[in-house]
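To keep things clear, I will list the structure first and then write my remarks on it.
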Amino acid sequence: MELEQTLTTRYSARKFLPRQVESDVMQKILELAQRTASWCNTQPWQLVITRGAATDRFRKAITAHVLSGAPQQPDFAFPERYEGAYRSRRVRCGVQLYESLGIAREDKAAAREQSLENFRLFGAPHVALLTTEAALGLWGGVDCGLYINSFMLAARSLGVGSIAQAALASYPDFVREYFGLPPNRKLVCGISFGYADEQHAINRYRTERAAVSDAVAFVD
Ligand SMILES: Cc1cc2nc3c(=O)[nH]c(=O)nc-3n(C[C@H](O)[C@H](O)[C@H](O)COP(=O)(O)O)c2cc1C
């Protein structure tokens, strides 16, 4: 796919077919994403990727952990509040999601059940847990952000759907213990991926973007 087509057709997939991603396709995604630029070429990203039965084991384990009422303790603090344009954009994409599923605003139980889908990995056959090196601080996180985008675009260009998930970064101690990761590896987010169920309503709406003029100021 051309870059323009890849960028304009990528979307966050939230329902997947059970089909595993072929190992040569997965390898190609990872090789392309590995070309991501980073500060001093430090390449701080490291991934644990589940395949086969390991994905189901992990989705069951983390869902049980969440349902046990475990506290959220992200390595990188989540925003405390969203105001102004950030708030309205956040609300808008939530409304689109819930409308696609026919969930009414006041139906908090259905919304909570849907948010649990994050931990069921939206039915994806794979999840990548992406970590950065603690000592590299914010900039390691920035490099990982670039990696996430490369990964999602590389996947899209090969017909594979994906979704970045900060939700999975709510429980880094659980993830580190589950996968035997050392304490210096800080959890940035998860990326669930696989072949998207393109017919499902949750995959059929597209989010909006502000105009370029809202984001860019030219100085001549
Ligand atoms: C770093 C990052 C974390 C995200 N975390 C979540 C998440 O936890 N759950 C979720 O449903 N979507 C998550 N998303 C998806 C965003 O909601 C989505 O990218 C945004 O609404 C724009 O929609 P699009 O990706 O379909 O273009 C995340 C996206 C990014 C980049």
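Here the sequence shown is numbered in numbering that gives the first Met the number 0, starting from 0 and rising by one per residue. Don't be surprised by glycine CBs; every beta carbon is placed ideally from N, CA and C. Here the structure is a predicted model, which means the values were calculated and not measured.
Exercise. Please state if the CB of Arg-184 and the CB of Ala-108 are separated by a distance shorter than 9 Å.
Key: no
Quiz prompt | Cβ-heavy atom distance, Ser-67 to ligand 1, below 8 Å | solution = no
Practice problem: Compute every distance between the C-beta of Arg-13 and the non-hydrogen atoms of ligand 1, then say whether any falls below 8 Å. | Solution: yes
Self-check item: Ile-162 - DSSP class collapsed to helix/strand/coil
Solution: strand
Quiz prompt | 7 Å CB neighbourhood of Glu-197 in its chain, flanking five on each side removed | solution = none
Quiz item: How big is the Cα-Cα spacing for Leu-6 and Phe-150?
Solution: 12 Å
Self-check item: Exposure of Gln-71, with buried meaning 16 or more beta-carbon neighbours within 10 Å
Solution: exposed
Exercise. Check the C-beta distance from Gly-189 over to Leu-167 and give it rounded, since I have them as a contact under 8 Å.
Key: 3 Å
Quiz item: With respect to 8 Å, is the separation between the Cβ of Arg-175 and the closest non-hydrogen atom of ligand 1 below this value?
Solution: no
Self-check item: Close-in-space but distant-in-sequence residues of the same chain around Leu-128 (CB under 6 Å, 5 per side omitted)
Solution: Val-47, Val-174 and Gly-189
Quiz item: Would you report the Cα separation of Ile-162 and Gly-193, rounded to the nearest angstrom?
Solution: 10 Å
Quiz item: What separation, rounded to the nearest whole angstrom, lies between the Cα atoms of Gly-68 and Phe-75?
Solution: 20 Å
Practice problem: Helix, strand or coil for Thr-206, going by three-state DSSP, please let me know. | Solution: coil
Quiz item: Can you tell me whether DSSP reads His-64 as helix, strand or coil?
Solution: helix
Quiz item: So, using beta-carbon positions, are Val-65 and Leu-96 closer together than 9 Å?
Solution: no
Quiz item: How about Ile-162: is its Cβ closer than 8 Å to a heavy atom in ligand 1?
Solution: yes
Practice problem: With DSSP as the reference, label Gln-42 as helix, strand or coil. | Solution: coil
Exercise. Determine the burial state of Tyr-85: buried for a count of at least 16 other Cβ atoms within 10 Å of its Cβ, exposed for fewer.
Key: exposed
Quiz prompt | Straight-line Cα distance separating Asp-219 from Pro-73 | solution = 42 Å
Self-check item: Exposure label - Lys-59; buried when at least 16 CB within 10 Å
Solution: exposed
Quiz item: Cα separation between Gln-164 and Ser-191?
Solution: 7 Å
Quiz prompt | Cβ-Cβ distance between Pro-43 and Asp-142 below 9 Å | solution = yes
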